[in-house]
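Okay, so here's the structure we're looking at.
Numbering (full-length UniProt numbering), first residue to last: 1 to 125.
Structure, rendered in structure tokens:
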């Protein structure tokens, strides 16, 4: 358990006993946790859960919304979906390339690609 409040707890999954029927294989298996944890479910499920999270946030402040939340999207799942938190890092190398680094908990890791970004991120800055 990483956080405990009177109305919820948070933690890190250490064992999956039975996976959800909604679970799908993420496109970025080695980095989805740090770049887009939503990749483990279909986009329709993602939209539904996001609407529920918004409604829950309002309820925590005793605010009743006049209508059900509807999340809008252009339907594009990759080459931009949600957000990607990353940094450019690295010393100058022989080929003068920079690496895309993503954050996971308190560490960073170099990534060769991300399905959430357009190929343009590879262009030298």
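We put the beta carbon where it would ideally sit given N, CA and C, even for glycine. Since this is a predicted model, take the numbers as computed values, not measurements.
Check your understanding: Roughly how many angstroms separate the alpha carbons of residue 40 and residue 63, rounded to a whole number?
Key -> 31 angstroms
Exercise for review: Could you tell me if residue 52 is buried or exposed, where buried requires 16 or more neighbouring beta carbons within 10 angstroms of its beta carbon?
Suggested key: exposed
Review point. From residue 75 to residue 28, what distance separates their C-alpha atoms?
Key: 19 angstroms
Check your understanding: residue 1 to residue 71, Cα distance in whole Å?
Key -> 30 angstroms
Check your understanding: What number of angstroms, rounded off, separates the C-alpha of residue 38 from the C-alpha of residue 3?
Key -> 21 angstroms
Review point. What residues in its chain sit with their C-beta under 6 angstroms from that of residue 15, if we drop five residues either side in the sequence?
Key: Nothing meets the Cβ criterion.
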